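Novice: In the working numbering, the protein residues as written are 12 to 228.
By construction, the Cβ of each residue, glycine as well, lies at the ideal position given by its N, Cα and C atoms.
Given the structure is predicted, the values throughout are model-derived calculations rather than measurements.
Have a look at this one.
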Amino acid sequence: MSALASLPPAGVYLFLFVWLFVESTGFPISDEPVLLLAGLLVATHRLDLTLAIVTAASGKVLASCLAYLLGQTIPLRRIVRPQTQPATGLSRWLWYLRPSPTLATGTERFFVRWGFWSVFLGRLIPIVRSFISYPAGLARMPFALFLAATSAGSLLWITTWLLLGAGADRLVRQWRLDGWLVVAVLGLIFLATWLWHARRKNRQPNVRRKEESARRR
């Protein structure tokens, strides 16, 4: 991230666009640290807030539309990682970037349950937001509705994290803290929240199995 901060503004905008584009095509990478850092750069007047929002949203929305179109021909289950990891080659490392069967199933169920709102809400949920466009395309959701939902959710997500980054810069100046410490703390809070939700989801199937086995007895 220090290398990103040392880039000229044009390079940061380009990196912001590419990173969010890749994340929204389905690669399980996190965009929060990048958006936080961009917010810090906005606060120090190295980046323009409006241009940063437009750049990041453009990458995310364009990738979402691509995933939507791919979903019409390639269902989400087709890109799920196989149970056995390849032993060698590039496919071994790409295996980590492919969604797990549990994640794919959960994302599809989320879309079926919430319909139109799943795309908007999916843009605000870690991990799910990277794959929600595929089931939307598979379900032949009207493109205009999809575009409106994914654009609104993306703008809300991006603006929130950019403003958090800008607010962190104020804390740095007011409390004389190290900027990287603030970003690290915010990142740890996000990671802890995500792990808590993931652990809770993993517990639910086990609880259901125990209840079913108890009923059978």
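#1: Would you decide whether Ala21 is buried or exposed? Buried here means 16 or more other CB atoms lie within 10 Å of its CB.
#2: Out of curiosity, what's the CA-to-CA distance linking Tyr24 and Pro97?
#3: Can you look up Leu135 in the DSSP assignment and give me helix, strand or coil?
#4: Take Trp172 and list the residues in its own chain whose beta-carbon comes closer than 7 Å to its own, dropping the five residues that flank it on each side.
#5: Quick one: what's got a C-beta closer than 7 Å to Trp125's C-beta in the same chain, skipping five residues either side?
#6: By Cβ distance, which residues of its chain are closer than 6 Å to Ser35, with the 5 residues on each side in sequence left out?
#7: Should Pro19 go down as buried or exposed, given a rule of 16 or more other Cβ atoms within 10 Å for buried?
#8: Check whether the Cβ atoms of Gly82 and Leu158 sit closer than 8 Å, and answer yes or no.
#9: Ser141 and Thr161 look like a contact to me (Cβ under 8 Å); what is the Cβ gap, rounded to whole Å?
#10: Less than 8 Å separating the beta-carbons of Ile169 and Ala68?
#11: Going by CA-CA distance only, name the one from Val33, Val29, Phe38 and Phe26 that's closest to Ala2.
#12: Could you check if Ile64 is buried or exposed, using at least 16 other CB atoms within 10 Å of its CB as the buried criterion?
#13: For my contact list, Phe120 and Gly164 are in at a C-beta cut-off of 8 Å; report their separation, rounded to the angstrom.
#14: State the start and end residues of the unbroken alpha helix (DSSP H) segment that holds Leu60.
#15: Can you tell me whether Thr61 is buried or exposed? The criterion is at least 16 other CB atoms within 10 Å of its CB, across all chains shown.
#16: Decide if Val123 is buried, meaning its Cβ has at least 16 other Cβ atoms within 10 Å, or exposed.
#17: When the Cα of Ser111 is compared with those of Leu31, Val130 and Val91, which residue comes out closest?
#18: On a Cα-Cα basis, can you pick out the residue from Thr99, Leu166 and Leu156 that is closest to Phe127?
#19: Apply the 10 Å Cβ neighbour rule to Pro146 and answer buried if 16 or more other Cβ atoms are within range, or exposed otherwise.
Specialist: In brief:
#1: Classification for Ala21: exposed.
#2: Rounded to the nearest whole angstrom, the CA to CA distance from Tyr24 to Pro97 is 36 Å.
#3: For Leu135, the three-state secondary structure derived from DSSP is coil.
#4: Contacts found: Glu43, Leu46, Leu47 and Gly50.
#5: Beyond the five residues adjoining it in sequence on each side, Trp125 comes within less than 7 Å, by CB distance, of Leu132 in the same chain, given in chain order.
#6: Answer for Ser35: Lys71, Ala74 and Ser75, listed in chain order.
#7: With fewer than 16 other CB atoms across the displayed protein chains lying within 10 angstroms of its CB, Pro19 is exposed.
#8: Not in contact: Gly82 and Leu158 (Cβ atoms no closer than 8 Å).
#9: About 12 Å; that fails the 8 Å criterion.
#10: In this structure, Ala68 lies closer than 8 Å to Ile169 by Cβ.
#11: Not covered by the structure: residue 2. The range shown for the chain is 12 to 228.
#12: Residue environment: Ile64 is assigned as buried (16 or more neighbouring CB atoms within 10 Å of its CB, all protein chains considered).
#13: Checking the sequence, you will find Arg at residue 120 rather than Phe. Not quite, the Cβ-Cβ distance comes to about 18 Å (not below 8 Å), so this is no contact.
#14: For Leu60, the enclosing alpha helix (DSSP H) covers residues Leu60 to Thr84.
#15: Here Thr61 is exposed: its Cβ has fewer than 16 other Cβ atoms, across all protein chains shown, within 10 Å.
#16: Label assigned to Val123: exposed.
#17: Of the residues Leu31, Val130 and Val91, the one whose Cα lies closest to the Cα of Ser111 is Val91.
#18: Ranking Thr99, Leu166 and Leu156 by Cα distance to Phe127 puts Leu156 first.
#19: Counting the other CB atoms within 10 Å of its CB gives Pro146 a total of 16 or more, which places it among the buried residues.
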